[in-house]
Amino acid sequence: MQPILSVRGVSKTYASGHRALKTVDLEIAKGEIFALLGPNGAGKTTLISIICGIVTPSSGTITVDGHDAIAEPRAARMKIGLVPQELSVDMFETVLATTRYSRRLFGRAGHDAYIDEVLRDLSLWDKRNSKIMELSGGMKRRVLIAKALAHEPDILFLDEPTAGVDVSLRRDMWKLVKRLREKGTTIILTTHYIEEAEEMADRVGVINKGELLLVEDKAALMKKLGKREMDIALVEPMATIPAELDEWHLTLTDEGERLRYTFDAQAERTGIPSLLRKLGELGIAFKDLDTSKSSLEDIFVDLVERRDEEQAA
Amino acid sequence: MKGFNHHGVWAIYRFEMARALRTIWQSLVTPVVTTALYFVVFGGAIGSRMQALDGVSYGSFIVPGLILMGTLQLSISNASLGIYFPKFTGTIYELLSAPVSAMEIVVGFVGAAATKSVVLGLITLITAMIFVDVPIAHPLVMLAMLVLTSIAFCLAGFIIGIWAKGFEQLSFIPSLIITPLTFLGGAFYTINMLPEPWRTVSLFNPIVYLISGFRWSFFGKGDVSIEVSLIALAVFLAVCLGVVGWIFRTGWRLKN
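Residue numbers (full-length UniProt numbering), protein chains in the order written: chain W, 1 to 313; chain G, 1 to 256.
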């Protein structure tokens, strides 16, 4: 299937000499939710800004639904809606006026019924005649989303949509993203909250220091790099681990109250049955077992560290 | 960009006009009061003791200069703020990511700013007519010069708004360059009254040509010939258009 967005060989070096993006290649399929995950300063916003036409790339091409973003900017840009990270809004305008403005600015004739629907969807209807400066930060964020959706874009960029946002708005945001996906909108979001990528995305791209480290299905990424941990709560605390258990590389936690076994969930043999048998043979009694998945956070930290080590080597 | 995003241009134009309509009373009352003050002071108090210039009473004589002075100041300050403010608040992201060409952005912003300037000029003219007799020898030329001057100085204001990195820079050019040049440009006198070398020095002031041409459209007489005035206006317009074109081609102070 032809991707709705394709980024080829895009790099950016700012006039200051700062190399914000090394060569990035990325393809986004129609209708997917893609999370660009990385720490602050990784190049997420630079990449989005380049795709949206706010920053000029130093090299590379961008194709939006078959339209080259530089040769045919009008066709490409009409398909894109951007929700920026900063709460940049016209303080003196009303919610309704600014949303209608955005629709027209993006080349579409006024369509009040659609704008009303967007405002209702975002719980902004009651505030439609309020000036934006009277709204809370969370409501301003909703206004930015309404503006970005006003021209019915096929691709929506959400730059750090939940940064500095309370829990209820974050939940609403996740719901909104799912609703948009049902309508067929492609969504690309940046985040440094791993739980957000985990919650919303179909695919995850990990970016650090201007480099796209990997792009994977979220599930595959979790599988590929996911480690599991099993905590064994002991009846009798233990001072040292018996040598017979060396092959499992266990660690003692909670001052000897617990044994921790780390294993690869995808391996043919996890080593759990043999470990439990061995514990029985040695007469080590335990009262509870607890296994946990590593979060995307662990995966990410692992990945970034590994990359840094490779570079250092 | 191919085609013309008329929805976008119209949206920008209306947005900019709405900005003025929010402060409509200020926008209307200020020029009326200012003009009235000038007529009380220069027309009534001082003007009554002055002889007619070029056969025109002093009160009438200052009308074109007064109109142009207000128009130039408003054009520069309003157009520069119009584009500077989105840069300052960050809302410029939307303009830069929208499917509007540089030319369309300029048409929207400068069109709205020039509209306001022309309206201000006409309000000043009407106010002046209450106080003094204002004959208009060439009404069409007068209107054309008012419109073109407004466009040219709104373009200049637009450039200043893009160039400015702070509010103090925004007020710097209007107050330290435009106002002195207007005062010295013959708004209240004809440069023929000046002794040498100031008369010759004045000829290097571009605003002399604008005021002279504008005055010609009222009284059929100016400091320089109307052709020279029109050429000066055309050159200024062309320079501003060229600079704006260059800014958008290079993204200077707009894009990284």
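Ideal Cβ placement from N, Cα and C applies to all residues, glycine included.
Please read all numbers here as calculations on a predicted model, not as lab measurements.
Taking a contact to mean a Cβ-Cβ separation below 8 Å, would you say residue i touches residue j in this structure?
i	j	result
G:T71	G:L120	yes
W:E160	W:T191	yes
W:K12	W:L87	no
W:N129	W:T94	yes
G:P99	G:G8	yes
G:V118	G:F218	no
W:I285	W:V235	Here residue 285 of chain W turns out to be Ala, not Ile, going by the sequence shown. Cβ distance < 8 Å, so W:A285 and W:V235 count as in contact.
W:I80	W:R181	no
W:G60	W:R8	yes
G:F188	G:G59	no
W:G256	W:P242	no
G:I15	W:Y101	A small fix is needed here, since residue 15 of chain G is Phe in this sequence, not Ile. For G:F15 and W:Y101, yes; Cβs fall inside 8 Å.
W:V10	W:I62	yes
W:L282	W:E244	yes
G:L74	G:L148	no
G:I173	G:I247	no
W:S123	W:R103	no
residue 323 of chain W	W:L212	The requested residue 323 of chain W is not part of the displayed model; chain W covers only 1 to 313.
W:K218	W:D202	yes
G:P206	G:A234	no
G:I211	G:I162	no
G:G43	G:V132	yes
G:A164	G:S229	no
G:C240	G:A152	yes
G:M129	G:G213	no
W:E229	W:R260	yes
residue 370 of chain W	G:Y93	What the structure shows of chain W is the stretch from 1 to 313, and residue 370 of chain W is not part of that stretch, so it cannot be assessed.
Going by DSSP, what residues sit across from residue i in a beta bridge?
i	result
G:M145	Partner(s): none; G:M145 has no beta bridge.
W:T240	Note: W:T240 sits in no beta bridge, so no partner.
W:V83	W:L158
W:E229	W:T262, W:S292
W:L279	Answer is none; W:L279 lacks a bridge partner.
G:G167	Here residue 167 of chain G is Phe; the residue named in the question, Gly, does not match the sequence. Paired residue(s): none; G:F167 is not in a bridge.
W:H67	W:V64
W:L234	W:F286
For the putative contact between residue i and residue j, defined by C-beta atoms under 8 Å, what is the C-beta separation to the nearest angstrom?
i	j	result
W:V118	W:A146	5 Å
W:K44	W:L36	5 Å
G:T190	G:L53	6 Å
G:G255	G:L155	In the sequence under discussion, the amino acid at residue 255 of chain G is Lys, which differs from the Gly named in the question. That belief does not hold up - the Cβ atoms of G:K255 and G:L155 are roughly 20 Å apart, past 8 Å.
G:I76	G:G157	4 Å
W:P57	W:I50	5 Å
W:V215	W:L5	Contact doesn't hold; Cβ gap of about 13 Å is too wide.
G:K109	G:I12	Strictly speaking, residue 109 of chain G in this sequence is Phe, with Lys absent from that position. Their Cβ separation, rounded to whole angstroms, is 6 Å, which keeps G:F109 and G:I12 in contact under 8 Å.
G:G185	G:V208	5 Å
W:A42	W:K209	6 Å
The beta strand (DSSP E) spanning residue i covers which residue range?
i	result
W:A20	19–28
W:S11	5–13
W:Y261	258–264
W:G60	59–64
W:E211	211–217
W:A35	33–37
W:I51	No beta strand (DSSP E) holds W:I51; the alpha helix (DSSP H) holding it covers 44–52.
G:I178	Unbroken run through G:I178: none, as it is neither H nor E.
W:I187	186–191
residue 337 of chain W	The structure shown does not extend to residue 337 of chain W, since chain W spans only 1 to 313, so no value can be given for it.
Along the alpha helix (DSSP H) that carries residue i, what are the first and last residues, could you check?
i	result
W:G205	Counting along the chain, W:G205 falls outside any alpha helix (DSSP H), though it belongs to the beta strand (DSSP E) covering 203–208.
W:R74	73–78
W:R103	95–105
G:V9	6–21
W:E195	194–200
W:Y114	112–121
Margin query: If we require 4 or more residues per run, which alpha helix (DSSP H) segments fall completely within the segment 23–58 of chain G?
Written below: Runs of the alpha helix (DSSP H) lying entirely within the segment 23–58 of chain G and spanning at least 4 residues, in chain order: 24–38.
Checklist line | Length-filtered (3 minimum) beta strand (DSSP E) runs lying within the segment 109–160 of chain G | finding: Segments of the beta strand (DSSP E) lying fully in the segment 109–160 of chain G: there are none.
Checklist line | Runs of alpha helix (DSSP H) lying entirely within the segment 51–104 of chain G, each at least 4 residues, in chain order | finding: Taking only runs of at least 4 residues, the alpha helix (DSSP H) segments lying wholly in the segment 51–104 of chain G are 58–89, 92–97.
Notebook entry, point to check: For the segment 125–175 of chain W, which segments carrying the alpha helix (DSSP H) assignment without a break, of at least 4 residues, lie completely within its bounds, in sequence order?
Noted result: Whole alpha helix (DSSP H) segments, 4+ residues: 137–149.
Next item on the list: Can you check the segment 201–227 of chain G for any alpha helix (DSSP H) of at least 4 residues that lies completely inside it and give the ranges in chain order?
Entry: DSSP runs (the alpha helix (DSSP H)) wholly in the segment 201–227 of chain G: 206–219.
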